[in-house]
Structure formats: C-alpha cells, structure tokens
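A.B. asks: Structure in structure tokens, see below.
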C-alpha cells in the first residue's frame, strides 16, 4: 500500500500469497467487510508456480474514510480445509492521512482605500438563537418519531441492493461451474454463497463447517447440499444431485433474506 493518501482518495493494496501444491486459498471479494475502507474494485492475476510453490496476487482498490492520522490495515487470506478454514493475516500496512490545508501567511496583506463603505446593521442575535432552537427541536422531534423508520428503510435498501448483486454473481458463478465443473469454479460458487449468508446473518459462515452452518440455521439437510459442492472441491467428484443442491442453497438464501427484511419492517 502507498505511504499516504488524502481522505477518500483511491488507494491500491497489493495482496500476495505463496503456498505449496495441494493447498487451496481464497482471497477476499466484494462481499468482504472492509471496515473503514470502501471497496472500489479488485484486479486479479494468473497464478504462477515454480518449484512446487504457487504464488497468487491481487490488487484491491480502496478509499480511506478514516480520520486517523495513521491507518494500519491488512486483508487476510483464507486457507480452505476439508471442513474448516484457516485465516492468515499479513503484517499491517501503514497509510498516513494527508490533509490539504493552505497555510496562512505570516503577515496579512490589507488593501488600502479611502472610499466610503456602507456597514450592515447589527444582527438580531436573539431572533437567530430562537430560530436555531426551534430548528433543533424540530430535528429532535423528527428523529424521535421517524428516526428508527428512516434507519430501517435505509437498511432495507442496502439489503435489496446487496441481494441483487449477489443474484447476478450467483447466476454467473453457476454458469461457469456447470460448464466445466472444476475445483476452482466450485470453490468460487460455495465461497460466494458463504460470504453472502455471512453478510445476511452476521455469523462467521466463511469459517464454519457445513455442520455448524446447518445447526445455526436449524436446517439439518443443509449439510448434504453443502457437501455436494465440497465433494467437487476436495474429491473432484460430481453427482447428479449437484444442481438440486445449488437450487436449494439459493432458495435458502432467499428465505433468510425475506426474514431479515420482514424483521426490519416489523421494527418500524
């Protein structure tokens, strides 16, 4: 990451990982929570293998909206195991906030004139204070009566936008997977679903095993659907039930999404 940046300026963060053959890793995507950094885009590169060691890299373009003088930041790399995952965290990169403020001169320059200048009358400060107090009271009243509803409507809007983005990516990932049914496509498909469900529920679906996810959602048969895709990733084996499993995963995400939207509306 570069040394310094202005507030909101586009910053490039380079993430690299080296690993042995047979190890499966996953880089964060747009569904990952980037904290005070705003995700803009991600640029990926082809894997490079030499002497049984593979190197993957990606460039994340982010915007910094933190007012900390020095922002320490890193993105993790996930190592995918059979029924679990390991999070590898690199050393924090430092980003110094660059504030652009014009310096005042030591001596102020005044323009001399002997022309008559009209002066404005004195401001009616009591009247201005009264207006400010009334405005503040109206704001507080509006927040008291409508603040929670406005907040929930904003959350509903964000969830619908995130849902639309997920469905587009899910459809694309399915097309890629069913066209080839290889390990990478299956890993991308399952990772996309896990990431979206994590954003819906706030639970660590990326780190949980299939059994833990099924228990959390009270869906015992979900284990079988998740393992249909995991068999492609870990055993390179595809069954005739894979399409039905993908459909059920999509329907389950729709149910969880609808329940969350309903819960937000009920709190208005």
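In full-length UniProt numbering, the protein residues as written are 1 to 268.
Yeah, the Cβ is synthetic: ideal placement off N, Cα and C, and Gly gets one too.
#1: Classify residue 115: buried if its beta carbon has 16 or more other beta carbons within 10 angstroms, exposed otherwise.
#2: Quick one: what's residue 15 bridged to in DSSP?
#3: For residue 98, which residues from the same chain have a beta carbon less than 7 angstroms from its beta carbon, with the 5 sequence-adjacent residues on both sides left out?
#4: Looking at the structure shown, is residue 254 part of a helix, part of a strand, or coil, going by DSSP?
#5: Is residue 26 near residue 79, with beta carbons less than 9 angstroms apart?
#6: On the premise that residue 208 lies in contact with residue 249, defined as a C-beta separation below 8 angstroms, what is that separation, rounded to the nearest angstrom?
#7: Using three-state DSSP, classify residue 118 as helix, strand or coil.
#8: Is there a Cβ of chain B sitting closer than 9 angstroms to that of residue 240, yes or no?
#9: From what residue to what residue does the beta strand (DSSP E) around residue 113 run?
#10: Reducing DSSP to helix, strand and coil, say where residue 135 ends up.
#11: Answer with buried or exposed for residue 185, where buried requires no fewer than 16 other C-beta atoms within 10 angstroms of its C-beta.
#12: In this structure, how does DSSP classify residue 203 when only helix, strand and coil are distinguished?
#13: For residue 92, I'd like the list of residues in its chain whose CB is within less than 7 angstroms of its CB, leaving aside the five on either flank, ordered along the chain.
#14: Between the alpha carbons of residue 47 and residue 56, how many angstroms are there, rounded?
#15: Could you give the residue range of the alpha helix (DSSP H) that holds residue 37?
#16: Hey, out of 228, 227, 205, whose CA is closest to residue 217's CA?
#17: Express the C-alpha separation of residue 124 and residue 135 in angstroms, rounding to a whole number.
#18: So residue 59 and residue 12 are supposed to be a Cβ contact under 8 angstroms. How far apart are they, rounded?
#19: At the level of alpha carbons, what is the spacing between residue 287 and residue 190?
#20: Compute the Euclidean distance between the alpha carbons of residue 196 and residue 130, then round it to the nearest angstrom.
#21: Using a 10 Å radius around the Cβ and a threshold of 16 neighbouring Cβ atoms, would you call residue 198 buried or exposed?
#22: Beta-carbon separation of residue 215 and residue 246 under 9 angstroms?
#23: Pull the bridge partners of residue 88 from the DSSP assignment, please.
#24: Assuming residue 76 and residue 126 form a contact by the criterion Cβ under 8 angstroms, report the distance between their Cβ atoms to the nearest whole angstrom.
#25: Report yes if the C-beta distance between residue 44 and residue 18 is below 9 angstroms; otherwise report no.
#26: Kindly indicate which residue of 62, 211, 156 has the alpha-carbon position closest to the one of residue 15.
#27: Assuming residue 239 and residue 223 are in contact, meaning their beta carbons sit under 8 angstroms apart, how far apart are those beta carbons, in whole angstroms?
#28: Per DSSP, which one or two residues make a beta bridge with residue 263?
C.D. replies: Well, looking at it:
#1: Within the chain shown, the letter at position 115 stands for residue 115. Around the C-beta of residue 115, fewer than 16 other C-beta atoms lie within 10 Å, and the residue is accordingly described as exposed.
#2: If you number the chain shown from 1, residue 15 lands on position 15. Paired residues: 58.
#3: The count along the chain shown starts at 1 and reaches residue 98 at position 98. Counting only Cβ-Cβ distances below 7 angstroms, and skipping sequence neighbours, we find 4, 5, 6.
#4: The sequence position of residue 254 within the chain shown is 254, counting from 1. Judged by DSSP in its simplified three-state form, residue 254 adopts helix.
#5: Numbered from its first residue, the chain shown carries residue 26 at position 26. Numbered from its first residue, the chain shown carries residue 79 at position 79. With respect to the 9 angstroms criterion, residue 26 and residue 79 are classified as neighbours on the basis of their beta carbons.
#6: Here residue 249 corresponds to residue number 249 of the chain shown, with the count starting at 1. Here residue 208 corresponds to residue number 208 of the chain shown, with the count starting at 1. Not a contact, Cβ separation roughly 15 angstroms.
#7: For the purposes of this step, residue 118 is taken as residue 118 along the chain shown, with counting starting at 1. Residue state, collapsed to three classes: coil.
#8: The chain inventory of the structure shown lacks chain B, comprising one protein chain alone.
#9: Working through the chain shown from its first residue, we reach residue 113 at position 113. Premise fails: residue 113 is in no beta strand (DSSP E) and is neither H nor E.
#10: For the purposes of this step, residue 135 is taken as the residue at position 135 of the chain shown. Correct three-state label for residue 135: helix.
#11: Residue 185 sits at position 185 when you count from the first residue of the chain shown. Flag for residue 185 reads buried.
#12: To locate residue 203, count along the chain shown from 1; it is residue 203. Three-state result, residue 203: coil.
#13: Taking the chain shown and counting its residues from 1, the one referred to as residue 92 is at position 92. Only 72, 73, 74 meet the Cβ criterion.
#14: Stepping through the chain shown from its first residue, residue 47 is reached at position 47. Stepping through the chain shown from its first residue, residue 56 is reached at position 56. Rounded to the nearest angstrom, the two C-alpha atoms are 5 angstroms apart.
#15: One-based indexing of the chain shown puts residue 37 at position 37. First-last for residue 37: 37-44, but that is the beta strand (DSSP E), not the alpha helix (DSSP H).
#16: By 1-based counting over the chain shown, the position of residue 217 is 217. Ranking 228, 227, 205 by Cα distance to residue 217 puts 205 first.
#17: Taking the first residue of the chain shown as 1, we reach residue 135 at position 135. Taking the first residue of the chain shown as 1, we reach residue 124 at position 124. Rounded to whole angstroms, residue 135 to residue 124 spans 17 angstroms at the Cα level.
#18: Position 59 of the chain shown holds residue 59. Position 12 of the chain shown holds residue 12. Confirmed, Cβ separation roughly 5 angstroms.
#19: The structure shown has nothing for residue 287, since the chain only spans 1 to 268.
#20: Residue numbering aside, residue 196 sits at position 196 when the chain shown is read from its first letter. Residue numbering aside, residue 130 sits at position 130 when the chain shown is read from its first letter. Roughly 50 angstroms separates the two Cα atoms.
#21: In the chain shown, the residue the question calls residue 198 occupies position 198. Around the beta carbon of residue 198, a 10 Å sphere encloses 16 or more other beta carbons of the protein chains shown; the residue is thus reported as buried.
#22: Along the chain shown, one-based indexing puts residue 215 at 215. Along the chain shown, one-based indexing puts residue 246 at 246. The answer is no: Cβ separation not under 9 angstroms.
#23: Translated into positions along the chain shown, residue 88 becomes position 88. Bridge pairing for residue 88: 77 [DSSP].
#24: By one-based count along the chain shown, residue 76 stands at place 76. By one-based count along the chain shown, residue 126 stands at place 126. At roughly 58 angstroms, the Cβ-Cβ gap does not stay under 8 angstroms, so residue 76 and residue 126 are not in contact.
#25: Translated into the one-based positions of the chain shown, residue 44 becomes position 44. Translated into the one-based positions of the chain shown, residue 18 becomes position 18. Cβ atoms of residue 44 and residue 18: not closer than 9 angstroms.
#26: Here residue 15 refers to the residue found at position 15 of the chain shown. Ranked by Cα distance from residue 15, the options 62, 211, 156 are led by 62.
#27: For the purposes of this step, residue 239 is taken as residue 239 along the chain shown, with counting starting at 1. For the purposes of this step, residue 223 is taken as residue 223 along the chain shown, with counting starting at 1. With 8 angstroms as the limit, residue 239 and residue 223 do not qualify as a contact, their Cβ atoms being about 15 angstroms apart.
#28: Here residue 263 is taken as the residue at index 263 of the chain shown, counted from 1. Looking at the DSSP assignment, residue 263 forms no beta bridge with any residue, so it has no partner.
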